[in-house]
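Trainee: Chains F and U are the protein sequences, given in the same order. Under the working numbering, the first residue of the first sequence carries the number 957, and numbering increases by one thereafter. Under the working numbering, the first residue of the second sequence carries the number 957, and numbering increases by one thereafter. Backbone N, C-alpha and C define an ideal beta-carbon position, used for all residues, glycine too. Predicted model only: the values in this text are computed from it and were never measured.
There are 2 protein chains.
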Amino acid sequence: MSDVHFKRMALIGIGLLGSSIALAARREGVVDHIAIHTRSAETLARAEELGLGDSYHQDSTEAVTDADLVIVCTPVGVCEVIAKTIADHLKPGAMVTDVGSVKGSIIKQMAPHLPDHVSFIPGHPIAGTEDSGPDAGFADLFGGRWCILTPLEGEPEENVARLKGFWERLGSNVEIMDATHHDHVLAITSHLPHLIAYNIVGTASDLEMVRNSEVIKYSAGGFRDFTRLAASDPTMWRDVFLHNKEAALEMLGRFTEDLTALQRAIRWEDGDALFDLFSRTRSIRRSIIDAGQEIDASDFGRHIGEGESEAEKSNTRL
Amino acid sequence: MSDVHFKRMALIGIGLLGSSIALAARREGVVDHIAIHTRSAETLARAEELGLGDSYHQDSTEAVTDADLVIVCTPVGVCEVIAKTIADHLKPGAMVTDVGSVKGSIIKQMAPHLPDHVSFIPGHPIAGTEDSGPDAGFADLFGGRWCILTPLEGEPEENVARLKGFWERLGSNVEIMDATHHDHVLAITSHLPHLIAYNIVGTASDLEMVRNSEVIKYSAGGFRDFTRLAASDPTMWRDVFLHNKEAALEMLGRFTEDLTALQRAIRWEDGDALFDLFSRTRSIRRSIIDAGQEIDASDFGRHIGEGESEAEKSNTRL
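1) Taking all protein chains shown into account, do 16 or more other C-beta atoms lie within 10 angstroms of the C-beta of proline 1048/U, making it buried, or fewer, making it exposed?
2) Would a check of beta-carbon distances place asparagine 1115/F closer than 8 Å to chain U?
3) Would you mind telling me which residues of chain U sit closer than 8 Å to proline 1149/F, beta carbon to beta carbon, in chain order?
4) Going along the segment 960-983 of chain U in order, which residues come within less than 9 Å of chain F, judged by CB to CB distance?
5) Give the straight-line distance between the Cα atoms of glutamate 1113/U and arginine 1220/F, rounded to the nearest whole angstrom.
6) Among the residues of its own chain, which have a CB less than 8 Å from the CB of alanine 1176/U, if the five just before and after it don't count?
7) When you compare the CB of arginine 1125/U with every CB in chain F, is at least one pair closer than 8 Å?
8) Residues of chain F with CB under 8 Å from leucine 1046/U, in chain order?
9) Taking glutamate 1036/F as the reference, which of Leu1230/F, His1199/F and Glu1206/F has the closest Cα?
10) Classify histidine 1073/F as buried or exposed, calling it buried when 16 or more other Cβ atoms lie within 10 Å of its own Cβ.
11) For asparagine 1129/F, name the three-state secondary structure that DSSP assigns.
12) Between the Cα of cysteine 1029/U and the Cα atoms of Val1116/U, Val1052/U and Lys1120/U, which residue gives the shortest distance?
13) Is the shortest distance between the beta-carbon of arginine 1241/F and the beta-carbons of chain U less than 8 Å?
14) Within the segment 1166-1248 of chain F, note down every full alpha helix (DSSP H) run reaching 4 residues or more, in order along the chain.
15) Can you list, in chain order, the residues of its chain whose CB lies under 6 Å from that of histidine 1069/F, leaving out five sequence neighbours each side?
16) Measuring only the C-alpha atoms, how far is alanine 978/U from alanine 1019/U?
17) So, using beta-carbon positions, are isoleucine 1063/F and leucine 1108/F closer together than 8 Å?
18) For the beta strand (DSSP E) containing alanine 966/F, list its first residue and its last residue.
19) Determine whether the beta carbon atoms of aspartate 1096/U and histidine 1259/F lie at a separation below 8 Å.
20) Shortest alpha-carbon distance to phenylalanine 1197/F belongs to which of Asp1232/F, Gly1178/F, Ser1254/F and His1147/F?
21) Taking the alpha-carbon positions, what's the glutamate 1206/U to aspartate 1024/U distance?
22) Is glycine 1158/U helix, strand or coil when you go by DSSP?
23) Run down chain U in chain order and give the residues with a C-beta less than 9 Å from the C-beta of leucine 1008/F.
24) Please say whether leucine 1008/U and proline 1081/U have beta carbons closer to each other than 8 Å?
25) Which chain F residues are close to glutamine 1065/U, counting only those with a beta carbon under 8 Å from its beta carbon?
26) Which whole-angstrom value describes the C-beta separation of isoleucine 1027/U and aspartate 1054/U, a residue pair presumed to lie in contact below a C-beta threshold of 8 Å?
27) Looking at chain F, is there any beta carbon in it that lies within less than 8 Å of the beta carbon of lysine 1201/U?
28) Please report how far the alpha carbon of glutamate 1111/U lies from the alpha carbon of methionine 965/U, in whole angstroms.
29) Please list, in chain order, the residues of the segment 1163-1174 of chain U that have any C-beta partner in chain F closer than 7 Å.
30) How about valine 1157/F and isoleucine 1144/U: are their beta carbons less than 8 Å apart?
31) By the three-class DSSP mapping on this structure, what secondary structure does proline 1078/U have?
32) Rounded to whole angstroms, what's the CA-CA distance from serine 1088/F to alanine 1153/F? Just pull it up for me.
33) Nearest to serine 976/U by alpha carbon, out of Ile992/U, Asp1022/U, Ala1001/U and His961/U?
34) Which chain U residues are close to leucine 1230/F, counting only those with a beta carbon under 7 Å from its beta carbon?
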C-alpha cells in the first residue's frame, strides 16, 4: 500500500460518489480535512448531518482554497463551469481530478481553464449503485473495483503514481489508459447498457396491451434486472450521453445491427443462429465472476435469505 | 392453504424447474411418490445421486404410468413429442400440466394428443435463475413468485383449483389468464429482456476496438447486469423465441422504435428528451420492490458482505 496522504481534500459535489469517497478516505485516514461543496443548501445540510466532512461550503472557491486534492464529483455537464469558477482559487501544486463517466469531454471542458501550477489527472472509478445523493454513499463502494486514470500527455509520472496510490487506499485497482479508449470501453460496458435498460423500461411502460401492474407482477421473468440501471440518476446519465455522443452512437449502431439480425433469425425461425448466440454468451458471466467483478451467486443471490427459513439461510448457496 | 395432495407426481425433465418442483413438493409433503424421467442417462443418474425422486425412468411412458400429476418440465420445443409419447399411458383422471414460458404453442402442441380422460391445464411459474440442470434446483425457487395458469375453455373449476392449490403449497401466488395474454405479458417481461441481454453480450464480444478482457474488467459499469440473463439455458431460450415468435417480434419492434427515437435524441443532443425518459423509468423499480418481486437492496445487494469487515456486515444495508 502506498503511504499517500493529503492534508485537505475538497469534494465538489456530494452525491453517491462524493459521499463514498468521503467515507472511504476517512476510514483509511488518507486525508486530514474534508471540505465539501455543493450548490444545494439542502444537500449540503444533509451532508453535514451525516458528518461526511469537516467543513461545508456553498461556495466552491472556499472549498478548494488551500486544498491539495480537489475531486469533482458532479454530473459531467457542469465541469466546465466548475473549472472556470475554481481555477483562480487553486493552490499551487494541488492535484485536481474527477470521477466522471466520460473522459474526453472532461478534458475539453476543464483543461483549458485550469492553471499550469496544478496537476490535472482525470479519473473514473467504475463503481456505483442505482442510488444517488449523499445518503447513498458507503465506504466500501470502491473495494475490488477498477478505477481508470487518463492522464494528459506530459503529466509527471510521480503525480499519476500519487493519485493511483490514493485510489488504491480506497480499495480500487487502478488502470491507466488514454481518454479516447476509455470513452469507447465505457460506451460498451456502461453507457449502452444504461441506455438499453432505460429504453426497455420505457417501452414496457408504454404498452397498451399489457398493464403496468402486470409488468411489475411478472417482472421476475427477467425484466426486473433492467430496472436497476433504469433507476439511476437522470441528470448524470443525460450528461453522459450528451458528452460521449460519438462513442455511444457507434456502440448503439452495432447493437441495433446485431439485434436486427436476431430479429430476422426469429422471423425466419433460424433456431441454429439463435442457439449459437445464446451459447457463446454464456461463458462471459463466469469470466466476470472469476475476475472478481461479480458475486458468485445464482440470480444475484436474490434467494439467499428471501422467504427462507433460518435453517435454509445457514445452508448458504454462495 | 389447500390440502391438495397427489399420490404419484411424474416429472418429465429434471432441469432447474423440475428439480425445484421435486424439492419443494417433497418439503411440503404434497406428493407421495416422485417419478422422474429424462432422456439423458447421465442427467437421470445425477438426479438419482441428488435423491430428487423415488423412481427414475429413461422411458417417459413408465414415469407417467399410474401418475395422478404429470408436469412437463422440458424445453418448449419438445412438448408435442412428449404429449404423443405419453398419451396412451396416462391414467384416467390424471392432471397434466407444464412449466413452459410460452402457452399458446404448448396448447397447440399438446392438447390435440392428450386423451379426454385427463385434465390438461398449462402452467408457467415466473421463477428461475440463470443456472440449469438438476443441480440448479432449490426448494424455495417459487416462494413469493407468481405462477400463471392458462386453462382451456370448459376446464372444470375444481381441476383448476386443485392445480392452483398445488402451486400455492410450493409457495407461489397463482393467477389465471388466457394463453394469448400470457404470451404478450411474458414477451415484454421475460422474452424481450433475455433477447436484449443475449444481444448486447454478443455485441460486446464482437467489438474489435475494445478487448473482451476489458469488457470483463470494467463490467461493473452496468454491463455485468445483462450477463446474468445471457447465461441462461440456450436450448430453452431458442425454443421460446421459435414458439412465441409473433409476440416477441411485436415487442422487439416497439423496443427498436423507441431505441431509434432515443438514438435521434442523442444525435441531436436533445437533453430534455433523454432526461424525461430517464426520470420516468426510475419509479418502476420501487414498484417492483414494493410488490415483493425484488429484494430491497441497493445494487442487488452485491455490496453486502463483499469485501466488508464483519462489523460492516452486521450493519446491513438491506
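Mentor: In short:
1) Mapped onto the second sequence, residue 1048/U falls at position 92. By the neighbour-count rule (16 or more Cβ atoms within 10 Å), proline 1048/U is not buried but exposed.
2) As a first step, residue 1115/F is located in the first sequence; it is residue number 159 there, counting from the start. Not an interface residue.
3) Position 193 of the first sequence holds residue 1149/F. Those are Ile1156, Gly1177, Gly1178, Phe1179, Asp1181 and Phe1182, listed as they occur along chain U.
4) none
5) Locating residue 1113/U in the second sequence gives position 157, where the first residue counts as 1. Locating residue 1220/F in the first sequence gives position 264, where the first residue counts as 1. Distance between the alpha carbons of glutamate 1113/U and arginine 1220/F: 42 Å.
6) On the second sequence, position 220 is the one that residue 1176/U refers to. Within the same chain, alanine 1176/U has no close Cβ partners at all.
7) Mapped onto the second sequence, residue 1125/U falls at position 169. Not one chain F Cβ lies under 8 Å of arginine 1125/U.
8) Your numbering for residue 1046/U matches position 90 in the second sequence. Under the 8 Å cutoff, chain F gives no residues; its nearest Cβ is about 29 Å from leucine 1046/U.
9) Here residue 1036/F is taken as the residue at index 80 of the first sequence, counted from 1. The candidate whose alpha carbon is nearest that of glutamate 1036/F is His1199/F.
10) Taking the first residue of the first sequence as position 1, residue 1073/F is located at position 117. Result: exposed.
11) Within the first sequence, numbered from 1, the residue matching residue 1129/F stands at position 173. Strand at asparagine 1129/F.
12) Mapped onto the second sequence, residue 1029/U falls at position 73. Checked all of Val1116/U, Val1052/U and Lys1120/U; the closest Cα to cysteine 1029/U is Val1052/U.
13) Walking along the first sequence from the start, residue 1241/F turns up at place 285. Closer than 8 Å: yes.
14) 1168-1173, 1179-1185, 1190-1199, 1201-1223, 1227-1236 and 1238-1246
15) As a working mapping, residue 1069/F is identified with position 113 in the first sequence. Counting only Cβ-Cβ distances below 6 Å, and skipping sequence neighbours, we find Ala1039, Lys1040 and Ala1043.
16) Sequence index remark: in the second sequence, residue 978/U carries index 22 (1-based). Sequence index remark: in the second sequence, residue 1019/U carries index 63 (1-based). The straight-line gap from Cα to Cα measures roughly 14 Å.
17) For the purposes of this step, residue 1063/F is taken as residue 107 along the first sequence, with counting starting at 1. For the purposes of this step, residue 1108/F is taken as residue 152 along the first sequence, with counting starting at 1. For isoleucine 1063/F and leucine 1108/F, yes; Cβs fall inside 8 Å.
18) Counted from its first residue, the first sequence places residue 966/F at position 10. First-last of the beta strand (DSSP E) with alanine 966/F: 962-968.
19) Here residue 1096/U refers to the residue found at position 140 of the second sequence. Here residue 1259/F refers to the residue found at position 303 of the first sequence. In this structure, histidine 1259/F lies closer than 8 Å to aspartate 1096/U by Cβ.
20) Your numbering for residue 1197/F matches position 241 in the first sequence. Among Asp1232/F, Gly1178/F, Ser1254/F and His1147/F, the Cα nearest to that of phenylalanine 1197/F belongs to His1147/F.
21) Position 250 of the second sequence, counted from the first residue, corresponds to residue 1206/U. Position 68 of the second sequence, counted from the first residue, corresponds to residue 1024/U. For glutamate 1206/U and aspartate 1024/U, the distance between alpha carbons rounds to 38 Å.
22) For the purposes of this step, residue 1158/U is taken as the residue at position 202 of the second sequence. Residue state, collapsed to three classes: helix.
23) For this step, residue 1008/F is matched to residue 52 along the first sequence. Chain U residues near leucine 1008/F: none, gap ~17 Å exceeds 9 Å.
24) Here residue 1081/U is taken as the residue at index 125 of the second sequence, counted from 1. Here residue 1008/U is taken as the residue at index 52 of the second sequence, counted from 1. Against a cut-off of 8 Å, the Cβ pair of leucine 1008/U and proline 1081/U comes out as no contact.
25) Reading the second sequence from its first residue, position 109 is the one you call residue 1065/U. Correct list: empty, because the minimum Cβ distance to chain F is about 15 Å.
26) The residue given as residue 1027/U occupies position 71 in the second sequence. The residue given as residue 1054/U occupies position 98 in the second sequence. Yes, they are in contact, since the Cβ atoms of isoleucine 1027/U and aspartate 1054/U sit about 7 Å apart, within 8 Å.
27) What you label residue 1201/U is simply residue 245 of the second sequence in a count that begins at 1. Answer yes: the Cβ-Cβ gap between lysine 1201/U and chain F drops below 8 Å somewhere.
28) What you label residue 1111/U is simply residue 155 of the second sequence in a count that begins at 1. What you label residue 965/U is simply residue 9 of the second sequence in a count that begins at 1. Going from the Cα of glutamate 1111/U to the Cα of methionine 965/U covers about 21 Å.
29) Leu1163, Met1165, Val1166, Glu1170, Val1171, Ile1172, Lys1173 and Tyr1174
30) Here residue 1157/F refers to the residue found at position 201 of the first sequence. Here residue 1144/U refers to the residue found at position 188 of the second sequence. Not a contact, by the Cβ cut-off of 8 Å.
31) Taking the second sequence and counting its residues from 1, one reaches residue 1078/U at position 122. Residue state, collapsed to three classes: coil.
32) As a first step, residue 1088/F is located in the first sequence; it is residue number 132 there, counting from the start. As a first step, residue 1153/F is located in the first sequence; it is residue number 197 there, counting from the start. Serine 1088/F and alanine 1153/F: Cα-Cα distance of roughly 17 Å.
33) The count along the second sequence starts at 1 and reaches residue 976/U at position 20. The residue with the shortest Cα to Cα distance from serine 976/U is Ile992/U.
34) Here residue 1230/F is taken as the residue at index 274 of the first sequence, counted from 1. Going along chain U in sequence order, the residues near leucine 1230/F (Cβ under 7 Å) are Arg1194 and Phe1197.
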